[in-house]
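J.:
Numbering (the working numbering), first residue to last: 214 to 752.
Below you can see the structure in the form of structure tokens.
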């Protein structure tokens with residue numbers, strides 16, 4: 214006995230899920246999207262029998278829409294996020310347990326007794342498609358029994374999805390994770406064949422800023438060094454090979470990246486040490502100086518003094534100097550870290566005044582004193598910066614928790630979806646996240662299996678889902694549901710730019726990153742008012 218239904222993407226389909234409340238029949242679901250916009254819906258399948266059931270899905274008719282069907286996969290969530298009221302988490306009773314997250318390019322599912330699975334269907338309206346009503350027809354074919362047909366109504370609005378402006382979005386791409394997972398040598402042809410789909414995936418999910426490890430990034434542990442800048446030293450004179458970086462920049466531009474984010478010049482959490490810099494392209498991991506070499510040691514200052522003029526020349530030649538974001542040290546917070554940061558920032562300002570740091574920071578002094586040009590603060594502190602007339606970028610990571618926006622494996626999907634709305638409402642200047650594909654165990658080189666370990670082995674400090682948004686597939690990234698929802702939220706941001714403003718009355722319920730509508734239909738009601746030019750419904 215099979216029960217099947219269509220539903221939106223504001224709720225997960227758990228292995229224990231049953232038909233959701235409300236009318237989800239043929240006349241009860243409608244997807245509204247702008248021309249050029251990509252959105253999704255889900256089809257749930259509940260096996261009510263005591264037997265196993267194998268079932269496949271097939272798209273029958275798209276009426277000119279671009280449609281992609283994927284099977285929803287499940288990963289274990291062993292522990293809930295700590296310090297969080299259960300009301301702020303996903304379905305009580307369904308977790309801890311298996312959570313729907315990876316999306317597999319596979320049209321078949323195999324369900325056990327009294328078990329639920331599902332399919333994820335992406336729908337995109339071509340930019341040239343005329344406005345009007347259409348539908349997507351889906352056929353579910355059980356191994357035994359009659360096929361089941363579902364039709365999802367789709368309305369294409371007159372409005373075309375505009376390009377998002379003024380909100381750089383970046384996620385840190387770990388090239389070492391790709392090299393290690395696929396067993397390819399860094400910077401080899403097979404390596405780039407594996408990297409390219411990940412670059413395409415980032416752009417396809419709204420990222421316009423490319424994290425660039427020109428030096429081995431001194432963040433998040435002892436990773437295998439990936440260094441895109443070739444470096445040699447002969448009697449104190451450094452020689453630089455920019456060829457791989459030229460390829461990287463050209464590849465980034467071709468794929469649609471607008472900005473380039475350069476890896477950090479000093480150690481994490483306060484710039485106390487110089488990063489490890491390697492001979493050549495780090496093939497043999499021969500470092501020019503030992504670990505814990507002071508950040509302002511004579512040797513490292515000499516290196517930077519020779520690097521800066523050639524680096525600036527490269528940026529000008531590639532026409533990306535004014536499209537680059539630079540880092541000195543990640544999260545220079547606390548008592549001692551700001552003192553170290555002031556010292557290295559003063560040196561860098563003297564040698565490279567064009568290098569205006571963009572930095573994750575939670576405290577105001579370094580910003581107000583002019584040492585950090587573009588702060589990136591946690592969503593829980595953004596009001597502190599705005600009150601001082603400072604427009605920060607926003608981020609979240611293992612914190613904040615509770616009522617705040619985040620995107621852990623137990624964060625409700627509708628809550629993840631709110632981030633684009635709140636970035637627009639608050640006037641944040643950009644968005645940064647550290648965990649696109651961190652598949653290592655807590656600050657080591659040891660790979661984990663992301664399909665079974667989602668916290669880098671570091672829960673409760675790192676909640677499940679924080680370290681990565683994509684899974685390693687055979688040929689490239691497998692999207693997570695959380696990643697798809699995040700991308701949809703950036704589309705919402707673009708629609709707001711074109712059709713609404715932070716002062717619009719319908720957006721008044723968006724008060725802060727912890728005070729926002731908790732009624733999932735609010736998003737669709739407000740989106741429809743933007744797309745169709747109608748007054749927003751009650752909120």
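Heads up, the beta-carbon is just placed ideally off N, CA and C, and yes, glycines get one too.
Label residue 226 either buried or exposed according to how many other C-beta atoms from any shown protein chain fall within 10 Å of its C-beta, with 16 as the threshold for buried.
T.: With 16 or more other Cβ atoms within 10 Å, it is buried.
J.: Whose C-beta lies closer than 7 Å to the C-beta of residue 236 among residues of the same chain, with five residues either side of it excluded?
T.: At residue 236 the pLDDT is 45, less than 50, meaning the model places this residue with poor confidence; the figure from the coordinates comes in the next sentence. Hits under 7 Å: none found.
J.: Among the residues of its own chain, which have a CB less than 6 Å from the CB of residue 523, if the five just before and after it don't count?
T.: 453
J.: Nearest by alpha-carbon distance to residue 215: which of 290, 277 and 357 is it?
T.: 357
J.: Taking Cβ to Cβ, would you say residue 650 is nearer than 7 Å to residue 699?
T.: no
J.: Applying the 10 Å Cβ sphere with the 16-neighbour rule, what's the burial state of residue 346?
T.: exposed
J.: Taking just the CA atoms, how far does residue 580 sit from residue 535?
T.: 20 Å
J.: Buried or exposed: residue 217, going by 16 or more other Cβ atoms within 10 Å of its Cβ?
T.: buried
J.: Count the other C-beta atoms from every protein chain shown that fall within 10 angstroms of the C-beta of residue 505, then say buried if there are 16 or more, exposed otherwise.
T.: exposed
J.: Kindly indicate which three-state DSSP category residue 402 falls into: helix, strand or coil?
T.: helix
J.: Does DSSP put residue 617 in a helix, a strand or coil?
T.: coil
J.: Assuming contact is defined by CB atoms lying nearer than 7 Å, are residue 365 and residue 219 in contact in what I supplied?
T.: yes
J.: Can the beta-carbon of residue 543 be found less than 7 Å from the beta-carbon of residue 477?
T.: yes
J.: Run the proximity test for residue 386: is its beta-carbon closer than 6 Å to any non-hydrogen atom belonging to the ligand SAM?
T.: Ligands are entirely absent from the displayed structure, and the ligand SAM is therefore not among its contents.
J.: Determine which residues share a DSSP beta bridge with residue 522 and list them.
T.: The partner list for residue 522 (beta bridge, DSSP) is empty, contrary to what the question assumes.
J.: With a floor of 4 residues, list each alpha helix (DSSP H) that falls wholly inside the stretch 688-714, ordered by position along the chain.
T.: Within the stretch 688-714, the complete alpha helix (DSSP H) runs of at least 4 residues are 694-712.
J.: So, for residue 446: in the same chain, excluding its five sequence neighbours on each side, which residues have a beta-carbon less than 8 Å away from its beta-carbon?
T.: 452, 492 and 501
J.: Between the Cα of residue 281 and the Cα atoms of 326, 338 and 301, which residue gives the shortest distance?
T.: Nearest of 326, 338 and 301 to residue 281, Cα basis: 338.
J.: Specify the secondary structure class of residue 269 as computed by DSSP and reduced to three states.
T.: strand
J.: By Cβ distance below 8 Å, which residues in the same chain neighbour residue 394 in space, the five residues on each side in sequence not counted?
T.: Once the five neighbours on either side are set aside, the close Cβ partners of residue 394 are 652, 660 and 685.
J.: Three or more C-beta pairs under 8 Å: does that hold for the stretch 610-621 against the stretch 658-678?
T.: yes
J.: Just reading off the beta strand (DSSP E) that residue 348 is part of, what are its end residues?
T.: 345-355
J.: Assign residue 446 to one of three DSSP states: helix, strand, or coil.
T.: strand
J.: Three or more C-beta pairs closer than 8 Å, one from the stretch 580-594 and one from the stretch 253-268: is that the case here?
T.: no
J.: With a 10 Å radius around its C-beta and 16 neighbouring C-beta atoms as the bar for buried, classify residue 307 as buried or exposed.
T.: Counting Cβ neighbours within 10 Å, residue 307 comes out buried, since at least 16 surround it.
J.: Go ahead and label residue 637 buried or exposed: buried means 16 or more other beta carbons lie within 10 angstroms of its beta carbon, across all protein chains shown.
T.: buried
J.: Between 484, 293, 288 and 340, which has its C-alpha nearest residue 250's C-alpha?
T.: 340
J.: Under the three-state reduction of DSSP, which class applies to residue 753: helix, strand or coil?
T.: This structure leaves residue 753 out entirely; the chain is present only between 214 and 752.
J.: Since residue 465 is in the beta strand (DSSP E), which residue starts that stretch and which ends it?
T.: No beta strand (DSSP E) holds residue 465; the alpha helix (DSSP H) holding it covers 456-468.
J.: DSSP three-state label for residue 527, please.
T.: helix
J.: Residue 571 to residue 541, Cα distance in whole Å?
T.: 8 Å
J.: Check residue 627 in the structure and name its three-state DSSP category.
T.: Looking at residue 627 - three-state DSSP - the assignment turns out to be helix.
J.: Pair every Cβ in the stretch 382-399 with every Cβ in the stretch 413-425, then say whether three or more of these pairs are closer than 8 Å.
T.: The answer is yes - the stretch 413-425 touches the stretch 382-399, with three or more Cβ pairs under 8 Å.
J.: At which residue ranges does the stretch 246-326 contain complete alpha helix (DSSP H) runs of 4 or more residues, listed in the order of the chain?
T.: Here no run is fully enclosed.
J.: So, residue 377 versus residue 607, is the Cβ gap smaller than 7 Å?
T.: no
J.: Could you pull the DSSP bridge partners for residue 335 from this structure?
T.: 253 and 281
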